[in-house]
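Chains F and H are the protein sequences, given in the same order. For the first sequence, counting from 1, position 99 maps to 99 in my numbering; every step adds exactly one. For any residue, its number in my numbering is found by taking its place in the second sequence, counting from 1, and adding 1000. Backbone N, C-alpha and C fix where the C-beta goes; we use that ideal spot for every residue, glycine too. Notes follow the structure.
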Amino acid sequence: MTAAMTGHRTATVTGTGPGTGAGALLEVSELDAWYGRARILNQVDLAVARGEVVALLGRNGAGKSTTFRAIAGLVEQRSGRVSFAGTDVSRRASYEIARLGLGYVPEDRRIFTDLTVMENLEVGRQAPRNGAPSWTPERLFTLFPNLAEMRNRPGGRMSGGEQQMLTIARTLMGNPLLILLDEPSEGLAPRIVEMMANAILELKKEGLTVVLSEQNLHFAALVSDRAVIIETGAIRYRGTMAELAADEEVRRAYLTM
Amino acid sequence: MGFLVAQFLSGLAHASSLFLVAAGLSIIFGVTRIVNFAHGSFYMLGAFVAYSLADRLSGALGFWGAVAGAAVFAGLLGVAVEVLLLRRLYRSPELFQLLATFGLVLVVQDLALAIWGPEDLLGPRAPGLEGIVRILGRPFPQYDLLLIALGPAVLGLLWLLFHRTRWGILVRAATEDREMTGALGVKQTRLFTSVLFLGTALAGLAGALQVPREAANLQMDINIVVEAFVVVVIGGMGSVAGAFLASLLIGQLQAFGILIFPQVTLVLVFLVMALVLVVRPYGLLGRPQAVPRAGHAPETPIAPASQGARIAWAAALAVLLALPLAVGDYALVVLTEVFVLALFASSLHFAMGPGGMVSFGHAAYFGLGAYGAGLLMKHLGAGMVPGLIAAPLAAGLGALVFGWFCVRLSGVYLAMLTLAFAQIVWSVAFQWYSVTGGDNGILGVWPAAWAAPKWAFYYLSLVLAGGGIYLLRRVIFSPFGYALRAGRDSPLRSDAIGIPVKRHQWAAFTLSGAAAGLAGGLYAYSKGSVFPNLISISTSVDALVMVLLGGVQTLTGPIVGAAVFHGLETEMVRHTDYWRLLLGVAIIAMVLVFPQGVVGALERLRPRRPGQAREEAVAR
Ligand SMILES: Nc1ncnc2c1ncn2[C@@H]1O[C@H](COP(=O)(O)OP(=O)(O)O)[C@@H](O)[C@H]1O
Ligand SMILES: [Mg+2]
Chain F
1 MTAAMTGHRT ATVTGTGPGT GAGALLEVSE LDAWYGRARI LNQVDLAVAR GEVVALLGRN
61 GAGKSTTFRA IAGLVEQRSG RVSFAGTDVS RRASYEIARL GLGYVPEDRR IFTDLTVMEN
121 LEVGRQAPRN GAPSWTPERL FTLFPNLAEM RNRPGGRMSG GEQQMLTIAR TLMGNPLLIL
181 LDEPSEGLAP RIVEMMANAI LELKKEGLTV VLSEQNLHFA ALVSDRAVII ETGAIRYRGT
241 MAELAADEEV RRAYLTM
Chain H
1001 MGFLVAQFLS GLAHASSLFL VAAGLSIIFG VTRIVNFAHG SFYMLGAFVA YSLADRLSGA
1061 LGFWGAVAGA AVFAGLLGVA VEVLLLRRLY RSPELFQLLA TFGLVLVVQD LALAIWGPED
1121 LLGPRAPGLE GIVRILGRPF PQYDLLLIAL GPAVLGLLWL LFHRTRWGIL VRAATEDREM
1181 TGALGVKQTR LFTSVLFLGT ALAGLAGALQ VPREAANLQM DINIVVEAFV VVVIGGMGSV
1241 AGAFLASLLI GQLQAFGILI FPQVTLVLVF LVMALVLVVR PYGLLGRPQA VPRAGHAPET
1301 PIAPASQGAR IAWAAALAVL LALPLAVGDY ALVVLTEVFV LALFASSLHF AMGPGGMVSF
1361 GHAAYFGLGA YGAGLLMKHL GAGMVPGLIA APLAAGLGAL VFGWFCVRLS GVYLAMLTLA
1421 FAQIVWSVAF QWYSVTGGDN GILGVWPAAW AAPKWAFYYL SLVLAGGGIY LLRRVIFSPF
1481 GYALRAGRDS PLRSDAIGIP VKRHQWAAFT LSGAAAGLAG GLYAYSKGSV FPNLISISTS
1541 VDALVMVLLG GVQTLTGPIV GAAVFHGLET EMVRHTDYWR LLLGVAIIAM VLVFPQGVVG
1601 ALERLRPRRP GQAREEAVAR
């Protein structure tokens, strides 16, 4: 399997690999999004199968966060189709999308700083869901042992790495089928990044489907099965992680700073 | 000693009632980000409903049943208001929310008048607590001791509710970050509705508990809501503990202030608020409001008049100049008032639109102008010309002083502070009897002989108001005006390129105040008198309604708005006793239907390029 770079940098280059086509858990097609008059996303297509870990790669400002926010129902002006677990969610409110089991972890963490760790988790809590791993605070503390020692600490008095763990744990409390993880390794110390990678692999083992965005190819390669590259709001490349690793030209075109 | 203790205790009792009201206001603001001007109306209704219920029920249970019933009634009404009105306003600008809830105040006032009549209603005393206790030899009402205990008890219960229940945790989360709370699967509408229930039920409870202490009356709503605003702003919007601290502070300030400066307790309270805001702009325990994350389309900039518009203006002016030949005195008087109000509205527009500073107390400057002229006449016997020179100077000076504080804040806090300053001016005019004549106002403020005929004063007003409006317009298109607008649209970048944003805003605020003062001076001479109600909240709101009626982002707006408003008001007062009800309904309808104002709505009807309409449809 090779992902041929056709020479047209604007055309989407497609590798193979699972996740495309029918039966996908999350299927996004022709997604557009605007902020005010500025069009940020341009016909984004994305399909993710159950159990996959997919990396959405791209430089700063490429549109990764906007893609996630649009899927999660947080961008007011959006059009296109988003179907999740067989339900069309393209016009749903963000709370409805979350209640269907699509979890969103924002890049800027957005911990409730006045609330303690346990209270932050409580906000995310939803009933157990068929076909999704089911979480309790205690189970999450085994996944993120650091948090166990600070149950009653206000979110505002935690380090960046601890906040990043809490924001993921908080979303997991909703027992999601899939989580959108926006730049989980951003701004973290190397030791924490490694813990984060292990946690994601653990989640994959539990059967959770993960879509993560990254600028850090190294981190993405550690945890992901497939890669999708976005640039100026449009998808430019799809392939397996191995194909991308072999394709220096694509990497140079879209990922190096 | 005993006297001071009794005074201290009565301060605590007052603090408790204040806390119940302010806590409700603060909780509602925290989650919905709406400053509920009608919060005092729930308090007032709580008192009236408790009065009526206690009348029907009897015995000890009857009184407490009435109190509980009134609280539940207020809460249910709050739910209705959330579902029918507030829900449609969550995305509106703050000013519209304030105005719509002020519309509600007017509606409730007239409904209460219709149901309970204009007299004060003295309710029963609380059974078992009718007596007094002696504290250090001083008599003190037993009932007030109950109130003193109630404040901390409610604080404790609220603390448990917010920390020990899932509902409370969700409310705190939504207070901090609404969008994120929603993204975690929390349905906001139900949360908002229940928060409204809690907040308004607290207000209703406070009102009901007031019945044994004070006769229920139709002024309770505004009095308490202004006080509660002060408490919430001092304590920090959205902070219940802050509201508690601030009510203790205000309660004591009033208990002892009345001993030291009986005339100016209100002034004292507002001064403390202004001081706190300058030292801690978000209140004692508040935190900066999160900047909304959603992208907003930039608003269309105001453009200089086109050739066509200039011709239209010239034609309109020619008609106005010729009019005294054709119409009678009554029409001239009404038009004179329209000119004055147009200048007043334009001055507010100048602060709000280009300046980006929403003043909720512009009546202060209108009133300072009117009183400047009136006082000069009353105490120095000065004539009209010095009076009309003094009017903008007095108001400009007031705006210079108040503006120094105001430009340090923005958004709701700015609106509250301007309101507070207007209340200071009002209470000075109202209470400083020896100088201002208090309630009796100043009479005999007549124009000079040459300006006495209606047509002469008509021309004088046309020239001065028209000149003032023209001047403001020139300023908007001067380099100063461009810098001002740049500062409004992106303060950080403007600072970076060397525009002193705050200083420009301060100058704009002062200029706007001076223009409002000129309007106030003209108004005084047109009426021949000056009264404190010129400075009341409703005068400030009238000006806001005029500007919004016309549209904030147009320059013609304030003029059209003043004309439409004054015309409607004149008609309404003539034909109905319930004009407040009508005005309130009209304000609510206007905010819901024409968020862009009348002129703005007309401009939207003009043809535009096809792509734009679609983009905006998506934005809805
Ligand atoms: N709230 C916003 N308002 C306006 N433009 C925005 C907003 N958020 C992001 N953008 C713009 O959208 C583009 C994509 O941003 P984003 O999705 O955050 O990229 P990434 O996550 O890949 O770094 C950028 O050009 C950014 O400037
Ligand atoms: Mg991003």
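For this session: From the DSSP output, in three-state form, read off Tyr-1090 (chain H) for me.
Result: coil
For this session: Give the straight-line distance between the Cα atoms of Ile-1588 (chain H) and Asp-1489 (chain H), rounded to the nearest whole angstrom.
Result: In a straight line, the C-alpha of Ile-1588 (chain H) is about 28 Å away from that of Asp-1489 (chain H).
For this session: For Ile-1135 (chain H), I'd like the list of residues in its chain whose CB is within less than 8 Å of its CB, leaving aside the five on either flank, ordered along the chain.
Result: Cβ contact annotation for Ile-1135 (chain H) (same chain, cutoff 8 Å, sequence separation greater than five): Gly-1002, Val-1005, Ala-1006 and Leu-1009, in chain order.
Exercise. Could you give the C-beta distance for Gly-124 (chain F) and Arg-170 (chain F), rounded to a whole number, given that I count them as a contact under 8 Å?
Worked result: 4 Å
Exercise. What are the residues of the region 1154 to 1181 of chain H that lie near chain F, defined by any Cβ-Cβ distance shorter than 7 Å?
Worked result: Arg-1166, Ile-1169, Leu-1170, Arg-1172, Ala-1173, Glu-1176, Asp-1177, Glu-1179, Met-1180 and Thr-1181
Exercise. In three-state DSSP terms, what is Ala-1486 (chain H)?
Worked result: helix
For this session: Verify the contact flag: Gly-187 (chain F), CB atom, against every heavy atom of ligand 1, threshold strictly below 7 Å.
Result: Not one heavy atom of ligand 1 lies closer than 7 Å to the C-beta of Gly-187 (chain F).
Exercise. What is the DSSP secondary structure of Thr-20 (chain F), reduced to helix, strand or coil?
Worked result: Note on Thr-20 (chain F): pLDDT 47, under 50, position unreliable in the model; no value is reported.
For this session: Go through its chain and collect everything with a Cβ distance to Gly-1199 (chain H)'s Cβ below 6 Å, but skip five positions before and after it.
Result: Gly-1024, Ile-1027 and Ile-1028
Problem set entry | Beta-carbon spacing of Ser-1512 (chain H), Phe-1405 (chain H) below 8 Å | no
For this session: Note down, in chain order, every chain F residue with its Cβ under 8 Å from the Cβ of Gln-1188 (chain H).
Result: Tyr-95
Problem set entry | Three-state class that DSSP yields for Leu-1184 (chain H) in the structure shown | coil
Exercise. How about Gly-61 (chain F): is its Cβ closer than 7 Å to a heavy atom in ligand 1?
Worked result: yes
Problem set entry | beta-carbon Thr-1193 (chain H) near ligand 1 non-hydrogen atom, thresh 7 Å | no
Exercise. Hey, out of H:Val-1593, H:Gly-1584, H:Met-1590 and H:Thr-1101, whose CA is closest to Asp-1110 (chain H)'s CA?
Worked result: The shortest Cα separation from Asp-1110 (chain H) among H:Val-1593, H:Gly-1584, H:Met-1590 and H:Thr-1101 belongs to H:Gly-1584.
Exercise. So what's Ala-1294 (chain H) in DSSP terms, helix, strand or just coil?
Worked result: Summary for Ala-1294 (chain H): the model assigns pLDDT 34, below 50, so the residue's position carries little reliability; its value from the coordinates is reported in the next sentence. DSSP places Ala-1294 (chain H) in the coil class of the three-state scheme, outside both helix and strand.
Problem set entry | Identified DSSP bridge partners for Phe-1140 (chain H) | As computed with DSSP, Phe-1140 (chain H) is found in a beta bridge with H:Val-1133.
Problem set entry | Cβ shell of Ala-245 (chain F) (< 8 Å), same chain only, five flanking positions each side left out | Ala-221
Exercise. When we look at the beta-carbon of Leu-1218 (chain H) and count the other beta-carbons within 10 Å, is it buried (16 or more) or exposed?
Worked result: buried
For this session: Look at the alpha carbon of Glu-249 (chain F) and the alpha carbon of Thr-256 (chain F), and state the distance between them as a whole number of angstroms.
Result: 10 Å
Exercise. Relative to the alpha-carbon of Val-966 (chain H), which residue among H:Ala-1315, H:Asp-1055, H:Ala-1399 and H:Val-1267 has its alpha-carbon at the smallest distance?
Worked result: Any answer about residue 966 (chain H) is impossible in this case: the structure gives chain H only from 1001 up to 1620.
Problem set entry | Segment contact, 8 Å Cβ cut-off, at least three pairs: the region 109 to 122 of chain F with the region 185 to 196 of chain F | no
Exercise. Do you know how far the Cα of Ile-1469 (chain H) is from the Cα of Gln-1254 (chain H)?
Worked result: The alpha-carbon atoms of Gln-1254 (chain H) and Ile-1469 (chain H) are separated by roughly 42 Å.
Problem set entry | Three-state class that DSSP yields for Leu-1340 (chain H) in the structure shown | It is worth fixing the name first, because residue 1340 (chain H) is Val in this sequence and not Leu. For Val-1340 (chain H), the three-state secondary structure derived from DSSP is helix.
Exercise. What is the rounded straight-line gap between the Cα of Gly-1236 (chain H) and the Cα of Ile-1250 (chain H)?
Worked result: 14 Å
Exercise. Taking just the CA atoms, how far does Thr-113 (chain F) sit from Met-241 (chain F)?
Worked result: 37 Å
Problem set entry | CB contact below 8 Å: Gly-23 (chain F) versus chain H | By this cut-off, Gly-23 (chain F) is not an interface position.
For this session: Tell me Gly-34 (chain F)'s beta-bridge partners as DSSP assigns them.
Result: Checking the sequence, you will find Trp at residue 34 (chain F) rather than Gly. For Trp-34 (chain F), which the question treats as bridged, DSSP gives the partners F:Arg-39 and F:Gln-77.
Problem set entry | Cβ neighbours of Gly-161 (chain F) in the same chain (closer than 7 Å, five flanking residues each side left out) | Leu-188, Ala-189 and Ile-192
Problem set entry | Gly-233 (chain F) at chain H interface by Cβ criterion, 8 Å | no
Exercise. If you measure from the beta carbon of Ala-1619 (chain H) to each beta carbon in chain F, is any gap under 8 Å?
Worked result: At Ala-1619 (chain H) the pLDDT is 36, less than 50, meaning the model places this residue with poor confidence; the figure from the coordinates comes in the next sentence. So, interface residue.
Problem set entry | Paired residues, beta bridge with Pro-106 (chain F) - DSSP | For Pro-106 (chain F), which the question treats as bridged, DSSP gives no partner whatsoever.
For this session: Going by DSSP, name the residue or residues bridged to Ser-27 (chain F).
Result: Per the sequence presented here, residue 27 (chain F) reads as Glu, with Ser not at that position. Its beta-bridge partners are F:Ala-47 and F:Ser-83.
For this session: Taking Ser-1461 (chain H) as the reference, give the member of H:Arg-1408, H:Ala-1342 and H:Lys-1378 with the closest Cα.
Result: H:Ala-1342
Exercise. Can you name the residues of chain F whose CB is closer than 7 Å to the CB of Gly-1185 (chain H)?
Worked result: Those are Tyr-95, Ala-98, Arg-99, Gln-126 and Gly-174, listed as they occur along chain F.
Problem set entry | For Leu-100 (chain F) and Pro-128 (chain F), the rounded distance between their alpha carbons | 11 Å
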